[in-house]
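Asker: Mapping the sequence shown onto full-length UniProt numbering, position 213 (from 1) lands on 213, and the numbers just tick up by one.
Yeah, the Cβ is synthetic: ideal placement off N, Cα and C, and Gly gets one too.
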Amino acid sequence: MSGPQVEAPRSHLPTHGRQVIGQAAPRGDIAAVLPVSEEPRLCTVRGVFCATARWSQPIQTYAAVRQAVAWCNRGGSISAEPRINDRIRVPEVRLVGPSGEQVGIVPLAKALELAQEYDLDLVEVAANARPPVCKLMDYGKFKYESAMKAREARKNQAHTVIKEMKLRPKIDPHDYDTKKGHVVRFLKQGDKVKITIMFRGREQSRPELGYRLLQRLAEDVQELGFVESNPKQDGRNMIMVLGPHKKKTEAMAEAREAQAARKAERQQGGSPAEEPAEA
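#1: Grab me the residues of residue 190's own chain with a C-beta within less than 8 Å of its C-beta, minus the 5 sequence neighbours each way, in chain order.
#2: The alpha helix (DSSP H) that contains residue 215, what's its start and end?
#3: Less than 8 Å between the CB atoms is what I'm expecting for residue 163 and residue 194, so what's the real figure, rounded?
#4: For residue 94, does the three-state DSSP call read helix, strand or coil?
#5: Check whether the Cβ atoms of residue 107 and residue 92 lie closer than 8 Å to each other.
#6: Let's test the definition: count the other Cβ atoms within 10 Å of the Cβ of residue 210 and tell me whether it reaches 16, buried, or not, exposed.
#7: Just tell me which of 257, 254, 222 has its CA closest to the CA of residue 242.
#8: DSSP three-state label for residue 114, please.
#9: So if DSSP puts residue 102 in a beta bridge, which residue, or which two residues, is it bridged to?
#10: Tell me which same chain residues have a C-beta within less than 6 Å of the C-beta of residue 237, skipping the five on either side of it?
#11: What residue ranges within the stretch 119-184 form continuous alpha helix (DSSP H) runs of no fewer than 4 residues, ordered along the chain?
#12: Tell me which residue opens and which closes the beta strand (DSSP E) that residue 82 is part of.
#13: Helix, strand or coil: which one does DSSP assign to residue 226?
#14: Could you tell me the alpha carbon to alpha carbon distance between residue 61 and residue 88, rounded to whole angstroms?
#15: Along the beta strand (DSSP E) that carries residue 88, what are the first and last residues, could you check?
#16: Are residue 82 and residue 123 closer than 8 Å when you measure CB to CB?
#17: From the DSSP secondary-structure annotation, give me the bridge partner or partners of residue 198.
#18: Is the stretch 137-157 in contact with the stretch 213-232, if contact means three or more CB pairs nearer than 8 Å?
#19: Among the residues of its own chain, which have a CB less than 7 Å from the CB of residue 11, if the five just before and after it don't count?
#20: What does the Cβ neighbour count give for residue 278, buried or exposed, with the cut at 16 atoms within 10 Å?
#21: Considering only the alpha carbon of each residue, which of 182, 177, 200 lies closest to residue 192?
#22: Helix, strand or coil for residue 263 per DSSP?
#23: Specify the secondary structure class of residue 269 as computed by DSSP and reduced to three states.
#24: Any idea if residue 121 is buried or exposed, counting beta-carbon neighbours within 10 angstroms, 16 or more meaning buried?
#25: Near residue 180, what residues of its chain come up, given a Cβ to Cβ distance below 8 Å and the 5 sequence neighbours on each side ignored?
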């Protein structure tokens, strides 16, 4: 069964090429055939679908319909990249020069002419402004610098990793010290540590052994970490999670500083000592 038909006030539509609003969409939803200069775009009122622009927000009011009309008439691009040069479809823009100076509101044709004179691109940097803000720049260079900044940001982004350390309830003292050393190293790196006590056979009837071992380990590393998740039984295992006091970014910064200091010491130790000059 098709949805209800709604006739939107035609005064809200642009004066050129007015089309019918209220035609039923293939799914039976309310639809609007939007007027554009090149080709029509079909937008449904519920779960909006644009054949070319792919408008993705629901339209429930006449105001939203008007917004959809304006959006589609501006081009309705789904690309994350800004519009540049002849892809900009507005009569006038607020122009910013190559050095950031304010040129003012100029016709689009004038802005494109200035872009050709400077051998630069006209890039729309604020599409939602009225009129849109455009800047003269080398778009290829801008994209490259933006990609490098994003790559550097991803490189420096800290990802907290959960390490795991498995122990037995009746662990040997030497093995315990070795395992504790690994836990200390993980916490210094800013990572969380999941401690798993594995019970076998009759050990399952004595869970207090696991509690005491986990409590002992938490006390031994309390200067570096804290108990984020208290000990709990998980089948044949008992689990506790330790969290670091230091953030991952701080741990990474300290590690880089320590590495630079060690490198400087090696360079100083490897350089030949200067002999004192004879009097």
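Answerer: This is what the structure gives:
#1: Here residue 190 corresponds to residue number 190 of the sequence shown, with the count starting at 1. Cβ neighbours of residue 190 beyond the five flanking positions: 158, 160, 244, 246, 247, 248, 249, 250, 251, 252.
#2: Locating residue 215 in the sequence shown gives position 215, counting from the first residue. Counting along the chain, the alpha helix (DSSP H) containing residue 215 begins and ends at 207-220.
#3: Within the sequence shown, residue 163 is the residue found at index 163, counting from 1. Within the sequence shown, residue 194 is the residue found at index 194, counting from 1. The Cβ separation is near 7 Å, so the contact holds.
#4: One-based indexing of the sequence shown puts residue 94 at position 94. Strand, per DSSP.
#5: Locating residue 107 in the sequence shown gives position 107, where the first residue counts as 1. Locating residue 92 in the sequence shown gives position 92, where the first residue counts as 1. Yes, they are a contact pair.
#6: Mapped onto the sequence shown, residue 210 falls at position 210. Residue 210 comes out buried.
#7: Walking along the sequence shown from the start, residue 242 turns up at place 242. Looking only at 257, 254, 222, the smallest Cα-Cα distance to residue 242 is reached by 222.
#8: Against the sequence shown, residue 114 aligns to sequence position 114. Of the three classes helix, strand and coil, the one that applies to residue 114 here is helix, per DSSP.
#9: On the sequence shown, position 102 is the one that residue 102 refers to. Residue 102 pairs with 96.
#10: As a first step, residue 237 is located in the sequence shown; it is residue number 237 there, counting from the start. The residues are 196, 198.
#11: Runs of the alpha helix (DSSP H) inside the stretch 119-184: 139-156.
#12: Along the sequence shown, read from residue 1 onward, the residue named residue 82 stands at position 82. No beta strand (DSSP E) contains residue 82, which DSSP labels as neither H nor E.
#13: Taking the sequence shown and counting its residues from 1, one reaches residue 226 at position 226. Under the three-state reduction of DSSP, residue 226 is assigned to strand.
#14: As a working note, residue 61 is residue 61 in the sequence shown. As a working note, residue 88 is residue 88 in the sequence shown. Caution applies to residue 61, whose pLDDT of 49 falls short of 50 and renders its modelled position unreliable; the model cannot decide the point.
#15: For the purposes of this step, residue 88 is taken as residue 88 along the sequence shown, with counting starting at 1. From DSSP, residue 88 is part of no beta strand (DSSP E); its letter is neither H nor E.
#16: Here the question's residue 82 lines up with position 82 in the sequence shown. Here the question's residue 123 lines up with position 123 in the sequence shown. Against a cut-off of 8 Å, the Cβ pair of residue 123 and residue 82 comes out as a contact.
#17: For the purposes of this step, residue 198 is taken as residue 198 along the sequence shown, with counting starting at 1. In the DSSP output, where bridge partners are listed per residue, residue 198 has 237.
#18: The stretch 137-157 makes no contact with the stretch 213-232: fewer than 3 CB pairs, one atom from each, lie closer than 8 Å.
#19: Numbered from 1 along the sequence shown, position 11 holds the residue referred to as residue 11. Reliability of the predicted coordinates at residue 11 is poor, the pLDDT of 41 falling under 50, and the value obtained from them is presented with this limitation in mind. Excluding the 5 residues flanking it on each side, residue 11 has no same chain C-beta neighbour closer than 7 Å.
#20: Within the sequence shown, numbered from 1, the residue matching residue 278 stands at position 278. Any reading at residue 278 needs caution, since the residue's pLDDT is 49, under 50, leaving its predicted position unreliable; the model's value is listed next. Under this definition residue 278 is an exposed residue.
#21: The sequence position of residue 192 within the sequence shown is 192, counting from 1. Nearest to residue 192 by C-alpha distance, out of 182, 177, 200, is 182.
#22: On the sequence shown, residue 263 is found 263 positions in, with the first residue counted as 1. Residue state, collapsed to three classes: helix.
#23: In the sequence shown, the residue the question calls residue 269 occupies position 269. Here residue 269 sits in helix by DSSP.
#24: Here residue 121 is taken as the residue at index 121 of the sequence shown, counted from 1. Under this definition residue 121 is a buried residue.
#25: Position 180 of the sequence shown, counted from the first residue, corresponds to residue 180. Once the five neighbours on either side are set aside, the close Cβ partners of residue 180 are 217, 220, 221.
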